[in-house]
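The sequence shown: position 2 = 59 (the working numbering), numbered continuously.
Everything below concerns the one structure shown next.
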Amino acid sequence: MRVKEPAAAGTKPRAYAVRCRWLPWSPRAHRWAGQLLSASPGGDDLISAVIFAIVLVPLIVVLVYLIGELALLLLLVPLLALTRFVFRRPWAVCVSRRGRVLHEERCPTFSAARARRGDLAQAVGTGTWRELPRQH
58 MRVKEPAAAG TKPRAYAVRC RWLPWSPRAH RWAGQLLSAS PGGDDLISAV IFAIVLVPLI
118 VVLVYLIGEL ALLLLLVPLL ALTRFVFRRP WAVCVSRRGR VLHEERCPTF SAARARRGDL
178 AQAVGTGTWR ELPRQH
């Protein structure tokens, strides 16, 4: 859930994301893929066509890689969730800003993680979340 921390005098409020993490690792953002996808030649001549062909091959490789990673995640998430429930693995509750995890806690059950997520979101909304004691 997205929550905004109250702004100090003369500053803008900061937005934070408070969430329960489903995967045992932190998924990474592929910023370089977006930059490669946006690179396209703008001319009509032969040189532009050659440049486009040179860019097209890595583009296809990147798309195959991203689609393969997405398919792998779609296969693994249900299995990982099932193993979390069966073997009672702890759930991670994270407070992040701009994709960077600032605070993380582990909760024994998913319902405890959702309750802690609500507590952390409320604390972020009031600006007191850094003062909260960790709960494990």
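Each residue gets a CB set at the ideal place from its N, CA and C atoms; glycine is no exception.
Check	Outcome
Classification of arginine 59 by the beta-carbon crowding that lies within 10 angstroms, buried from 16 upward	exposed
Glycine 184 versus leucine 116: straight-line alpha-carbon distance, rounded	44 angstroms
Integer-rounded CB distance, given that valine 158 should sit under 8 angstroms from cysteine 151	5 angstroms
Sequence-distant residues of the same chain with beta carbon closer than 8 angstroms to arginine 145, five excluded per side	Pro165 and Thr166
Opposing strand residues paired with tyrosine 122 [DSSP bridges]	Tyrosine 122 pairs with nothing; no bridge assigned.
Beta-carbon gap between arginine 155 and cysteine 77 smaller than 9 angstroms	no
Span of the alpha helix (DSSP H), counted from its first residue to its last, around leucine 177	167-183
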